[in-house]
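Chemist: Using the working numbering, you'd call the opening residue of the sequence shown number 113 and step up by one each time.
Just dropping this structure here.
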Amino acid sequence: MKEVNPNAAPMVRIRGLRKSFGSHVVLDGIDFDVQPSQVVVVIGPSGSGKSTFLRCCNGLEKPEGGSVEICGRPLMQDGRMLPDHDLNALREEVGMVFQSFNLFPHLSVLDNVTLGPRKLRSLSRAEAEVEARALLEKVGLAHKASAMPASLSGGQKQRVAIARALAMKPRVMLFDEPTSALDPELVGEVLQVMKLLASEGMTMMVVTHEMDFAREVGDVVVVMDGGGIIEAGAPDVIFTNPSQERTRSFLQAVL
Ligand code: ADP
Ligand code: MG
Numbered sequence: 113m114k115e116v117n118p119n120a121a122p123m124v125r126i127r128g129l130r131k132s133f134g135s136h137v138v139l140d141g142i143d144f145d146v147q148p149s150q151v152v153v154v155i156g157p158s159g160s161g162k163s164t165f166l167r168c169c170n171g172l173e174k175p176e177g178g179s180v181e182i183c184g185r186p187l188m189q190d191g192r193m194l195p196d197h198d199l200n201a202l203r204e205e206v207g208m209v210f211q212s213f214n215l216f217p218h219l220s221v222l223d224n225v226t227l228g229p230r231k232l233r234s235l236s237r238a239e240a241e242v243e244a245r246a247l248l249e250k251v252g253l254a255h256k257a258s259a260m261p262a263s264l265s266g267g268q269k270q271r272v273a274i275a276r277a278l279a280m281k282p283r284v285m286l287f288d289e290p291t292s293a294l295d296p297e298l299v300g301e302v303l304q305v306m307k308l309l310a311s312e313g314m315t316m317m318v319v320t321h322e323m324d325f326a327r328e329v330g331d332v333v334v335v336m337d338g339g340g341i342i343e344a345g346a347p348d349v350i351f352t353n354p355s356q357e358r359t360r361s362f363l364q365a366v367l
């Protein structure tokens, strides 16, 4: 368990977050803080709002109410988003990795990783390539720099997607079921990279069904159901002695 300074400003501060789709209330007023270097693992049944919660944390989803702050800067306040220009700037601080990789299919691995920094951080091609090669090295894919995405396995694609997100130098990384689309034998290589990031102190929010990862790498496990967070706590507590019956039955179904 990492030391968390209770006086440190949270990396992500969420208050009263509300989001509905039509009459369906998906998030009913969520309060939550993510501290610097914390790994928060979000679990819960399908449809419980995990993806919506994550998407609200980088402005991909527009909530009706509440506030989300990244490093003390509001992404949205009282349900009002920042103007697009400021929203885009703040989004660069929040990297996101999806279940479905979303690489640019017509670009090489290297160009996938350098595109964002060249366009949004105004790096030259040479500068961006130096950084990108170091990131590809970190995710174990230096030898694939000139490959096209279609030639990669799912696990390799997801590791490129992680390198691409890191290339924007985010302060927080959001992962939405990053291994759910992978063949079982490819899950480990992606979790390994995420574990490395966690050990380097990256602040992370991870939606996953990989309970071993949650136990081993998570500092806090958040359980969502029925429109909100039903409990949150250290993995040991959540997995061995949860306070909510709904957590118990969810874990029984997945473990
Ligand atoms: P989870 O990731 O936990 O499976 P989601 O956040 O994807 O849950 O979805 C929560 C609920 O919101 C689900 O009932 C889903 O059908 C609904 N929902 C999500 N996105 C939309 C959307 N764009 N339009 C309408 N309903 C949506
Ligand atoms: Mg989801």
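Even for Gly, the Cβ is constructed at its ideal location relative to N, Cα and C.
How do the stretch 207 to 214 and the stretch 181 to 198 stand: do at least 3 beta-carbon pairs fall below 8 Å, yes or no?
Modeler: No: fewer than three Cβ pairs fall under 8 Å.
Chemist: Closest to residue 121 by C-alpha separation, out of 185, 340, 217, would be which residue?
Modeler: Mapped onto the sequence shown, residue 121 falls at position 9. If we check each option's Cα against that of residue 121, 185 comes out closest.
Chemist: Any idea what DSSP makes of residue 337, helix, strand or coil?
Modeler: Stepping through the sequence shown from its first residue, residue 337 is reached at position 225. Reduced to three states, the DSSP call for residue 337 is strand.
Chemist: Would you check whether the ligand ADP has a heavy atom nearer than 6 Å to the C-beta of residue 163?
Modeler: For this step, residue 163 is matched to residue 51 along the sequence shown. Checking the Cβ of residue 163 against the ligand ADP gives yes.
Chemist: In terms of residue numbering, what span does the beta strand (DSSP E) encompassing residue 315 cover?
Modeler: Start at 1 with the first residue of the sequence shown, and residue 315 comes out as number 203. It spans 315 to 319 - the beta strand (DSSP E) in which residue 315 sits, taken as one unbroken run.
Chemist: Within 10 angstroms of its Cβ, does residue 257 collect 16 or more other Cβ (buried), or is it exposed?
Modeler: Here residue 257 corresponds to residue number 145 of the sequence shown, with the count starting at 1. Flag for residue 257 reads buried.
Chemist: Please report the straight-line C-alpha distance between residue 189 and residue 255, rounded to a whole angstrom.
Modeler: As a working note, residue 189 is residue 77 in the sequence shown. As a working note, residue 255 is residue 143 in the sequence shown. About 44 Å.
Chemist: Is any non-hydrogen atom of the ligand ADP found closer than 6 Å to the C-beta of residue 133, if you look at the structure I gave you?
Modeler: Looking up residue 133 in the sequence shown gives position 21. Within the cutoff, so yes.
Chemist: What residue range does the beta strand (DSSP E) around residue 139 cover?
Modeler: Here residue 139 is taken as the residue at index 27 of the sequence shown, counted from 1. Looking at the DSSP string, the run of the beta strand (DSSP E) that includes residue 139 is 136 to 146.
Chemist: Tell me residue 288's beta-bridge partners as DSSP assigns them.
Modeler: Working through the sequence shown from its first residue, we reach residue 288 at position 176. 319, per the DSSP bridge assignment.
Chemist: Going by C-alpha to C-alpha distance, which of 128, 250, 204, 246 sits closest to residue 234?
Modeler: Walking along the sequence shown from the start, residue 234 turns up at place 122. Per the Cα distances, 204.
Chemist: Please determine whether the Cβ atom of residue 149 lies at a distance below 6 Å from any heavy atom of the ligand ADP.
Modeler: Along the sequence shown, read from residue 1 onward, the residue named residue 149 stands at position 37. False, no ligand heavy atom lies under 6 Å from that Cβ.
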